[in-house]
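K.L.:
Protein chains in written order, with the working numbering: chain A, 44 to 382; chain B, -2 to 289.
Backbone N, C-alpha and C define an ideal beta-carbon position, used for all residues, glycine too.
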Amino acid sequence: MTDVKEEKQTAPAVPEIVRKRKRIWPVVPILIGALLIVILTYTLPPFRNYQLATVGAYFTVTAGLTVLTGLNGQLSLGHGALMATGAYTFALSQNKWLNAPVSFVAAILVTTLAGVVIGLAAARLRGPYLAGLTLAVAVVVPSVTSTFDETFNSDMGLSVALDPPPGTIPMERWQAWLCWAGALVTALLLATLVRGRFGRDLRAVRDDETAARLAGVNIARTQVLAFVVSAACAGLAGALFAVLAQSVSPGAFPLTLSLFLVMAIVIGGLGRLVGALLGAVLLVALPTLAQQAGERSGSQHLEGNLALVVFGVVLVVVMLAAPGGLASIRFTTIFRRNR
Amino acid sequence: MDRFLYLTFDGLSRGAVYAAFALALVLIWRAARIVNFAQGAMAVAAVYVAYSVTNATGSYWLGFVAAIVFGLLLGVVVEKTVMRFVDHSSPLNGVVVALGLVLIVQGVLGILYGNEYRPVETPFRRDAFEVGGIALLSRYDVFVFAAVGAVVVALSLLFTRTAVGLRMRAAAFAPDVSRLLGVPVGGMLTLGWALAAAVGSLAGMLVVPTELGLHPTAMDVVFVSAFTAAVVGGLDSPIGAVTGGLIVGLLLSYVSGYLGATVAPMAVLLLLVVVLLGKPGGLFSSSKARLA
């Protein structure tokens, strides 16, 4: 949890123009983050390391989704399916060649390709239409795995062959390192990308398409590119999930996963990588807390479902009170809309 | 040929349900320019209410009425407590709030009833009548057609023949002018949500027994089919919703009949992509709506 505070300092809540001058080169917080992770993995017990690794894997996908939804204004409910694409590609490649670097690259490439296809369609759609199309993509995952069950083994899924970690490193620590290496590299690349011309184009397209077009921004290309970039992140995250669970099945990528991802970036604050990190932490912390509450009350029905309710309530409240995320709360908005 | 006929009737019966569900989406879209992504979850909640009432009283019809009434109330509550306060400056906001509702409803249902599949009874037998040795329709199919037909007729009478319907259309079409003329625009919006949720509940009651059974996420796939139906017809058009529903129903029936049930969701996705990219306005709508 300490790394959250660490990165927060680099992006204080001051107006955009002031903030730009004060911004530190993204490599610095990333290096500090990496150092923190290494220290944490040596001090935390194995289960906490596993949770830390899960935060890293979630951060990889929420960071990409933040660029897509927060900066470019395209809502995707299909990122769970893109993660499944990455995870299944990783599993198939691992089981065939047992070469982790090759499998990671394969997962990212295949998911990027899927991202190009969906992104090309997405660039022509707006608002609820895009949400509906990506929702359909998310829902179709189980039927794909059972239609091609010789490859994907239906609901049972595939187990993932993994090399044992090098030396005497325990599995959980190794998983945390892998996940956070992926997450931090992703964050570094995204932060660099977003600071440049591409980031300005993204925001321009989100805020006013007509003005952006007049200013010479290629709308369709910007939107497709945003989708492709975030799809690549989802593919890597999916592969990391496969490493974490050491198996892949459609049950690991339900529609609620996609909804959770959207929730994470909305709650964290749309359009900022720190928000994506906060969201990733919440995705791991809230279900754990809800599960403990469920165990204390002795009701099996509470497990998991309580987390759903909490997520939903938080999502609705944040959206009504502060559509810009937690960073921009203005309580007057709640009452102003009263018709 | 026998099989084709059977699949056609089966598809029309499925399609009638999707038509009702798509109609509920269109009702809210016309009134509030929101696609209610929580429609499926709300319908499942109503079916659970029916399940409880039927189990307690032993009467299917009491449960049926309870589901519709619950749907009406849920629509009012959702509109009055949540949807009314959504910031409409970006179309994403309404969608995200609806997704939050999905999580809440599914979570609450899971807490109350657990996450296992429950079988649901039907009021009529589902084995098909035979006409000249060909199995065509079941009693249940006839019930589905009658129920959806009644709803379509009642809604069209409401909108074209009554003062309330005129006010609802006015409030949706020109809210500011309507308000000046004394139409309670907020009230009409609430009424629209209530009607839509009730129609959605009816669709849920009709479709759940024919699918896998009752489960908090039972309507996810159905919602996608209904959304596709609404898009095929154009989100603005009630006639389009009914036509779109029948098209999707037929497609699903033929695909699962000839290619296998697991292929069906992919066929719906394909149809959605083709329609959105090829004829973005839907069959019955102008393409302008697509930019909203």
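Taking a contact to mean a Cβ-Cβ separation below 9 Å, would you say residue 154(A) touches residue 268(A) in this structure?
P.N.:
No.
K.L.:
Under 9 Å, do residue 136(B) and residue 126(B) count as touching if we go by C-beta distance?
P.N.:
A contact, by the Cβ cut-off of 9 Å.
K.L.:
Report the residue ranges of all beta strand (DSSP E) runs contained in full by the stretch 175 to 241 of chain A; include only those spanning at least 3 residues, in chain order.
P.N.:
Segments of the beta strand (DSSP E) lying fully in the stretch 175 to 241 of chain A: there are none.
K.L.:
Classify residue 284(A): buried if its beta carbon has 16 or more other beta carbons within 10 angstroms, exposed otherwise.
P.N.:
Classification of residue 284(A): buried, given that the 10 Å Cβ count is 16 or more.
K.L.:
Is there a Cβ of chain B sitting closer than 9 Å to that of residue 384(A), yes or no?
P.N.:
Since the first residue of chain A shown is 44 and the last is 382, residue 384(A) is not available in this structure.
K.L.:
Taking only beta-carbon positions, decide if residue 221(A) is within less than 9 Å of chain B.
P.N.:
Residue 221(A) does not count as touching chain B.
K.L.:
Between which two residues does the alpha helix (DSSP H) containing residue 384(A) stretch?
P.N.:
Here chain A has residues from 44 to 382 only, and residue 384(A) is not among them.
K.L.:
Quick check on residue 123(B): does DSSP put it in helix, strand or coil?
P.N.:
DSSP places residue 123(B) in coil when its eight states are reduced to three.
K.L.:
Assuming residue 64(B) contacts residue 47(B) (C-beta within less than 8 Å), just tell me the rounded distance between them.
P.N.:
Right, their Cβ atoms sit about 4 Å apart.
K.L.:
How many angstroms separate the CA atom of residue 52(A) from the CA atom of residue 181(A)?
P.N.:
Note that residue 52(A) scores a pLDDT of 43, beneath 50, so its modelled location is shaky; the value from the coordinates is reported in the next line. Whole-angstrom Cα-Cα distance: 36 Å.
K.L.:
Once DSSP output is grouped into helix, strand and coil, what is the label at residue 111(A)?
P.N.:
In the structure shown, residue 111(A) sits in a helix (DSSP, three-state: H, G or I).
K.L.:
What did DSSP end up calling residue 56(B) once you bin it into helix, strand or coil?
P.N.:
Residue state, collapsed to three classes: coil.
K.L.:
Taking 9 Å as the threshold (beta carbon to beta carbon), is residue 196(A) in contact with chain B?
P.N.:
No, residue 196(A) does not count as interfacial toward chain B.
K.L.:
Would the stretch 144 to 161 of chain B and the stretch 11 to 29 of chain B be scored as touching if the rule is three or more Cβ pairs under 8 Å?
P.N.:
Verdict: yes, contact present.
K.L.:
Taking the alpha-carbon positions, what's the residue 77(A) to residue 248(A) distance?
P.N.:
Roughly 33 Å separates the two Cα atoms.
K.L.:
Checking contacts by CB at 9 Å: is residue 267(A) closer than that to chain B?
P.N.:
Judged by the 9 Å Cβ criterion, residue 267(A) is not in contact with chain B.
K.L.:
For residue 179(A) and chain B, any beta-carbon pair shorter than 9 Å?
P.N.:
Yes, because at least one Cβ of chain B sits closer than 9 Å to the Cβ of residue 179(A).
K.L.:
Using a C-beta to C-beta distance shorter than 7 Å, which residues of chain A count as neighbours of residue 262(B)?
P.N.:
Residues of chain A passing the Cβ test: 182, 183 and 186.
K.L.:
Buried or exposed, going by whether 16 or more other CB atoms sit within 10 Å of the CB of residue 122(A)?
P.N.:
Under this definition residue 122(A) is a buried residue.
K.L.:
Could you pull out every residue in the same chain whose Cβ sits closer than 6 Å to the Cβ of residue 168(B), ignoring the five residues on either side in sequence?
P.N.:
175, 180, 182 and 185, listed in sequence order.
K.L.:
Can you tell me the Cα-Cα spacing of residue 222(B) and residue 82(A), whole angstroms?
P.N.:
Distance between the alpha carbons of residue 222(B) and residue 82(A) is about 50 Å.
K.L.:
In the DSSP assignment, what residue or residues form a beta bridge with residue 211(B)?
P.N.:
DSSP output for residue 211(B) lists 115(B) as bridge partner(s).
K.L.:
Looking at the C-beta of residue 169(A), does it have a partner C-beta in chain B at a distance below 9 Å?
P.N.:
Cβ-Cβ to chain B under 9 Å: yes for residue 169(A).
K.L.:
Take residue 62(B) and list the residues in its own chain whose beta-carbon comes closer than 6 Å to its own, dropping the five residues that flank it on each side.
P.N.:
Closer than 6 Å at the Cβ level, and outside the excluded window around residue 62(B), lies no residue.
K.L.:
If the cut is a Cβ gap below 8 Å, which residues of chain A does residue 101(B) touch?
P.N.:
Ordered by position in chain A, the residues that pass the 8 Å Cβ test against residue 101(B) are 351, 352, 355, 356 and 359.
K.L.:
Does the CB of residue 40(A) have a neighbour CB from chain B at under 9 Å?
P.N.:
Shown here, chain A extends from 44 to 382; a query on residue 40(A) therefore has no answer.
K.L.:
Which same chain residues, not among the five before or five after residue 217(A), have their C-beta less than 6 Å away from its C-beta?
P.N.:
Cβ within range, chain order: 208.
K.L.:
Can you look up residue 249(B) in the DSSP assignment and give me helix, strand or coil?
P.N.:
In the structure shown, residue 249(B) sits in a helix (DSSP, three-state: H, G or I).
K.L.:
Does any residue of chain A have a CB that is nearer than 9 Å to the CB of residue 207(B)?
P.N.:
No, residue 207(B) lies away from the interface with chain A (no Cβ there is under 9 Å from its Cβ).
K.L.:
Would you call the stretch 237 to 254 of chain B and the stretch -1 to 17 of chain B touching, i.e. three or more CB-CB distances under 8 Å?
P.N.:
Output reads yes: the stretch -1 to 17 of chain B touches the stretch 237 to 254 of chain B.
K.L.:
Can you check the stretch 85 to 173 of chain A for any alpha helix (DSSP H) of at least 4 residues that lies completely inside it and give the ranges in chain order?
P.N.:
The qualifying runs are 89 to 108, 122 to 140 and 143 to 165.
K.L.:
Please report the straight-line C-alpha distance between residue 2(B) and residue 31(B), rounded to a whole angstrom.
P.N.:
The straight-line gap from Cα to Cα measures roughly 38 Å.
K.L.:
Taking Cβ to Cβ, would you say residue 291(A) is nearer than 9 Å to residue 133(A)?
P.N.:
Yes.
K.L.:
Strictly below 8 Å CB to CB, what residues from chain A border residue 224(B)?
P.N.:
Those within 8 Å of residue 224(B) in chain A are 175, 178 and 179.
K.L.:
Measure from the alpha carbon of residue 319(A) to the alpha carbon of each residue in 252(A), 108(A), 87(A) and 85(A), then state which is nearest.
P.N.:
Minimum Cα distance to residue 319(A) is reached at 108(A).
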